[in-house]
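Participant: Take -3 as the starting number for the sequence shown in the numbering used here and just add one per residue.
One structure follows; several queries about it will come next.
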Amino acid sequence: MAQAQAPATLPPAMDAVAESIAAAIDAPIGKVTLVSMEWSRLVGLHGLGGPLADSRRVAIERSLSQRVVAAGTPVLIEDGRADSRCRYLGAVAQATVGAFVGVPLLNVTDQVVGAICVMDTRPRPWRAHEVAALRGAAAAVRGLLIPDPGQAPALHPAETDTATGSEAYIAVGPSGTIQVWSATAAQLLGWTAPQVLGRPLEAVLFPSGAPRQIRHALQALLRPPGPRTAGGEHLQTRVTTREGRSVPVEARLSLVPDADQPFLSLRIHDASRLVPAEVAVAGREGFLNGVLEGLPWGVFVCDQDGRPLYLNTTLRTTLASVTAQASPFVELTQHCLTHRDGRPLAPQEYPSARALRGEHLRGLDLAITPPGTPPQPILVDTGPVVVNGVTRGAVLVMRPSPHPTS
């Protein structure tokens, strides 16, 4: 068994990792442990108080983490009260562990030095994407464990602020499809996990094309015999939310080898407040958003290349009411706007395309026709957005038609 000891000062970031992974899996308890010959040391802890939270250590013979380290593979316990592996934990711990799952924590030289675990107080089955989420967290923490010859591994002090509970975590499988989507990702990007799991990452976050680093990482997933771990490549880019907003983000990529299949670990922070231009217009955007959100009509705005920039709540509500599809609202707006009788519009007939050509149009008699639904008649007003004599985009206002469907 690999020897490891916790650093003298426990970094708060590891508590945030424990909290984040527990939240991602909807479990009450999360732990990041380093295992030595005598102790399992809790360098990250969430959901447990009392003496354990004060001492931050468990005797090795009463630790489930040591089983993860000894096995070198994930350990899953779905009913702790009936599983013989929990009998030695002691009466109090045995009563606490309803279910347990832990994955090995490796340092940068591939030594197994601990485990990342979650526990539930009630029995529960563990799903593949939940184990993948733990593996992604272990891969993220891995780069912080720097071996020092003659000493135990420790968390690199310059990196302890990189693992926080505020980041969005996404794991992508070899096919390029999303396997894990954290709660923070849902908050930042507008999609819930059921809406994106199994969908291509590029289609969800980069509908206009993924940056080079993302494309290369996805290509590396397909190369045999499997990728080596990429130690946290950083990039600044933009992602598209479900509502069509373009959000500046800081992202960290890690290619993670796995016994079953490699995957791409992607951690994202909202960088809006770090981009001077974003900060400069935040006040004006807030005012304009307030005006547009208060309108009873749907509003759609695109840039000079036709890329969606904004949909107001009225339009999003209208689209959600006429379709149950888990498609981006911007796709619905672009592809479900039809002639009054439901016939598709040619690309040059789109109101936004006509506005970008300089046309000002009022009362276009069209319809919103998502697949499988009858046309919903609307009237569209549209025109170009001109700044300093240059067309910078187009705006569409969509309102219900007073005329019944033919």
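Here a beta-carbon is modelled for each residue, glycine too, at the ideal position from N, C-alpha and C.
Remember, predicted model here, so these are calculated numbers, not experimental data.
Hey, could you find the ends of the beta strand (DSSP E) GLY172 is sitting in?
Facilitator: Here residue 172 refers to the residue found at position 176 when the sequence shown is read from its first residue. No beta strand (DSSP E) contains GLY172, which DSSP labels as neither H nor E.
Participant: Suppose the cutoff is 7 Å on Cβ atoms and the five residues either side in sequence are ignored; what does the same chain contact list for VAL200 look like?
Facilitator: The count along the sequence shown starts at 1 and reaches residue 200 at position 204. Taken in chain order, the residues that qualify are ILE174, TRP187, VAL192.
Participant: For LEU403, count the other beta carbons within 10 Å of its own beta carbon; 16 or more makes it buried, fewer makes it exposed. Which is it?
Facilitator: What the structure shows of the chain is the stretch from -3 to 402, and residue 403 is not part of that stretch, so it cannot be assessed.
Participant: Let me make sure I understand the geometry here. Which of SER250, GLY132, PRO70 has the alpha-carbon closest to that of ALA14?
Facilitator: Mapped onto the sequence shown, residue 14 falls at position 18. Closest option to ALA14, Cα to Cα, is GLY132.
Participant: To the nearest angstrom, how far is the alpha carbon of LEU60 from that of GLY94?
Facilitator: The sequence position of residue 60 within the sequence shown is 64, counting from 1. The sequence position of residue 94 within the sequence shown is 98, counting from 1. Taking the straight line from one Cα to the other gives about 13 Å.
Participant: Using a Cβ-Cβ distance under 9 Å, would GLY354 count as near chain C?
Facilitator: Among the protein chains of the structure shown there is no chain C, as only one such chain exists.
Participant: Where are the alpha helix (DSSP H) runs, 4 residues long or more, that stay fully inside the stretch 45 to 80, in chain order?
Facilitator: If we require 4 residues or more, the alpha helix (DSSP H) runs fully inside the stretch 45 to 80 come out as 46 to 51, 61 to 67.
Participant: Put GLU246 into one of helix, strand or coil per three-state DSSP.
Facilitator: Mapped onto the sequence shown, residue 246 falls at position 250. Three-state result, GLU246: strand.
Participant: Which same chain residues end up closer than 8 Å to ARG241 when comparing Cβ atoms and leaving out the 5 residues on each side of it in sequence?
Facilitator: One-based indexing of the sequence shown puts residue 241 at position 245. Around ARG241: LEU305, TYR306.
Participant: DSSP state of SER32, grouped into three classes?
Facilitator: The residue labelled residue 32 in the question sits at position 36 within the sequence shown. Three-state DSSP puts SER32 in coil, outside helix and strand.
Participant: Going by DSSP in three states, HIS212 sits in which element: helix, strand or coil?
Facilitator: For this step, residue 212 is matched to residue 216 along the sequence shown. Here HIS212 sits in helix by DSSP.
Participant: If you run the structure through DSSP and keep just helix, strand and coil, what is VAL439?
Facilitator: Only positions -3 to 402 of the chain appear in the structure, and residue 439 is not among them; the question remains open.
Participant: Quick check on this structure: which residue in GLU163, THR378, ALA267 has the alpha carbon closest to the alpha carbon of TRP293?
Facilitator: One-based indexing of the sequence shown puts residue 293 at position 297. Comparing Cα-Cα distances from TRP293 to each of GLU163, THR378, ALA267, the minimum goes to THR378.
Participant: How far does the beta strand (DSSP E) with LEU260 in it extend, from its first residue to its last?
Facilitator: Taking the first residue of the sequence shown as 1, we reach residue 260 at position 264. Per DSSP, LEU260 belongs to the beta strand (DSSP E) from 259 to 266.
Participant: ARG234 by DSSP, collapsed to three states: which one?
Facilitator: By one-based count along the sequence shown, residue 234 stands at place 238. Reduced to three states, the DSSP call for ARG234 is strand.
Participant: Secondary structure at ASP11, three-state DSSP: helix, strand or coil?
Facilitator: Counted from its first residue, the sequence shown places residue 11 at position 15. Correct three-state label for ASP11: helix.
Participant: Using the Cα positions of ALA67 and ASP106, report the straight-line distance between them to the nearest angstrom.
Facilitator: Within the sequence shown, residue 67 is the residue found at index 71, counting from 1. Within the sequence shown, residue 106 is the residue found at index 110, counting from 1. Each residue's alpha carbon lies about 14 Å from the other.
Participant: Suppose you measure from the CA of SER36 to the CA of VAL28; what does that come to, to the nearest Å?
Facilitator: In the sequence shown, counting from the first residue as 1, residue 36 sits at position 40. In the sequence shown, counting from the first residue as 1, residue 28 sits at position 32. If I take the Cα positions, the gap works out to 10 Å.
Participant: Short of 8 Å in beta carbon distance, which residues of its chain neighbour LEU360, apart from the five on each side in sequence? Order them along the chain.
Facilitator: Numbered from its first residue, the sequence shown carries residue 360 at position 364. For LEU360, where only same-chain residues beyond five positions count, the Cβ hits under 8 Å are PRO347, LEU375, VAL376, ASP377, THR378.
Participant: What did DSSP end up calling VAL93 once you bin it into helix, strand or coil?
Facilitator: As a working mapping, residue 93 is identified with position 97 in the sequence shown. Here VAL93 sits in coil by DSSP.
Participant: Whose CA, out of ARG312, LEU231, LEU48, lies closest to the CA of PRO244?
Facilitator: The residue you call residue 244 lines up with position 248 of the sequence shown. Selected option, being the one with the closest Cα: LEU231.
Participant: Based on Cα-Cα distance, which residue from GLN62, PHE96, THR69 lies nearest to ARG77?
Facilitator: Within the sequence shown, residue 77 is the residue found at index 81, counting from 1. Out of GLN62, PHE96, THR69, PHE96 has the C-alpha closest to the C-alpha of ARG77.
Participant: State the Cα-Cα distance for the pair LEU38 and PRO340, rounded to the nearest angstrom.
Facilitator: For this step, residue 38 is matched to residue 42 along the sequence shown. For this step, residue 340 is matched to residue 344 along the sequence shown. Taking the straight line joining both Cα atoms gives about 60 Å.
Participant: For GLU126, does the count of other Cβ atoms within 10 angstroms reach 16, so buried, or fall short, so exposed?
Facilitator: Within the sequence shown, numbered from 1, the residue matching residue 126 stands at position 130. Buried is the call here.
Participant: Along the alpha helix (DSSP H) that carries HIS125, what are the first and last residues, could you check?
Facilitator: As a position in the sequence shown, residue 125 is number 129, starting the count at 1. Run containing HIS125: 124 to 138, per the alpha helix (DSSP H) assignment.
Participant: Identify the continuous beta strand (DSSP E) that holds ALA342 and give its terminal residues.
Facilitator: Along the sequence shown, read from residue 1 onward, the residue named residue 342 stands at position 346. Premise fails: ALA342 is in no beta strand (DSSP E) and is neither H nor E.
Participant: Provide the residue(s) that pair with GLU229 in DSSP beta bridges, ordered along the chain.
Facilitator: Position 233 of the sequence shown, counted from the first residue, corresponds to residue 229. In DSSP, GLU229 forms a bridge with LEU249.
Participant: Report the residue from GLU345, THR180, ARG312 whose alpha carbon sits nearest the alpha carbon of LEU357.
Facilitator: By one-based count along the sequence shown, residue 357 stands at place 361. The residue with the shortest Cα to Cα distance from LEU357 is GLU345.
Participant: Count the other CB atoms within 10 Å of the CB of GLU229; is the residue buried (16 or more) or exposed (fewer)?
Facilitator: Looking up residue 229 in the sequence shown gives position 233. With fewer than 16 other Cβ atoms within 10 Å, it is exposed.
Participant: Classify THR387 as helix, strand or coil using the three-state DSSP reduction.
Facilitator: For the purposes of this step, residue 387 is taken as the residue at position 391 of the sequence shown. Of the three classes helix, strand and coil, the one that applies to THR387 here is strand, per DSSP.
Participant: Take the Cβ of GLY338 as the centre, count every other Cβ of all protein chains shown within 10 Å, and call the residue buried at 16 or more, exposed below.
Facilitator: For this step, residue 338 is matched to residue 342 along the sequence shown. Exposed: under 16 other Cβ atoms inside 10 Å.
Participant: Can you look up ALA206 in the DSSP assignment and give me helix, strand or coil?
Facilitator: Position 210 of the sequence shown, counted from the start, is the residue given in the question as residue 206. If DSSP states are grouped into helix, strand and coil, ALA206 belongs with coil.
Participant: By a C-beta neighbour count over all protein chains shown, 10 Å radius and 16 as the cutoff for buried, is GLY368 buried or exposed?
Facilitator: On the sequence shown, position 372 is the one that residue 368 refers to. Counting Cβ neighbours within 10 Å, GLY368 comes out exposed, since fewer than 16 surround it.
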